[in-house]
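Counting in my numbering, the sequence shown runs from 30 upward without gaps.
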Amino acid sequence: MDAGLAKAIFYGLVAVGAGVAVGAAAAGGGVGFGAAARGMMEGLARNPNLENKLRLYFFIGLAFAETAILYGLLIALILLFTGVLSGKAGF
Numbered sequence: 030m031d032a033g034l035a036k037a038i039f040y041g042l043v044a045v046g047a048g049v050a051v052g053a054a055a056a057g058g059g060v061g062f063g064a065a066a067r068g069m070m071e072g073l074a075r076n077p078n079l080e081n082k083l084r085l086y087f088f089i090g091l092a093f094a095e096t097a098i099l100y101g102l103l104i105a106l107i108l109l110f111t112g113v114l115s116g117k118a119g120f
């Protein structure tokens, strides 16, 4: 196999891996957002007087779900732009 072709395939697969990382993180975050919203709605249906306390826990849950998405994006950016896989990162 030609060295240029192998390099092109390698970087193409890195781009696909970065896309999969972001997609999987977004899917996991969406599941987390849905679970937090479901819990908030169930709690409000059972006891509407706890709205302020439930809202606090709801936003904390959303923050935890959002971190998974941001970590996926961070991994994708590292794969694409730092040169870690090609040995040019300076480690």
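For every residue, glycine included, the Cβ atom is placed at its ideal position computed from N, Cα and C.
To the nearest angstrom, report how far apart residue i and residue j are at their CA atoms.
i           : j           : result
residue 65  : residue 105 : 26 angstroms
residue 41  : residue 77  : 52 angstroms
residue 81  : residue 90  : 14 angstroms
residue 70  : residue 83  : 9 angstroms
residue 86  : residue 34  : 52 angstroms
residue 120 : residue 46  : With a pLDDT of only 46 at residue 120, under 50, the local geometry of the prediction cannot be trusted, and the value read off the model is given with reservation. Approximately 22 angstroms, taken between the alpha carbons.
residue 75  : residue 39  : 54 angstroms
residue 31  : residue 112 : 21 angstroms
residue 43  : residue 97  : 20 angstroms
residue 102 : residue 63  : 20 angstroms
residue 88  : residue 79  : 14 angstroms
Using a threshold of 9 angstroms, state whether the C-beta atoms of residue i and residue j are closer than that.
i           : j          : result
residue 99  : residue 56 : no
residue 72  : residue 93 : no
residue 108 : residue 37 : no
Let me check you understand the geometry: is the CB of residue i closer than 8 angstroms to at least one non-hydrogen atom of the ligand MG?
i          : result
residue 87 : This structure simply doesn't include the ligand MG, nor any ligand for that matter.
Return the Cβ separation of residue i and residue j in integer angstroms, given the expectation that the two are a contact with Cβ distance under 8 angstroms.
i          : j          : result
residue 58 : residue 95 : 6 angstroms
Checklist entry - Which whole runs of the alpha helix (DSSP H) in the segment 37–111 are 4 residues long or more, in chain order? => result Complete alpha helix (DSSP H) runs here, min 4: 80–110.
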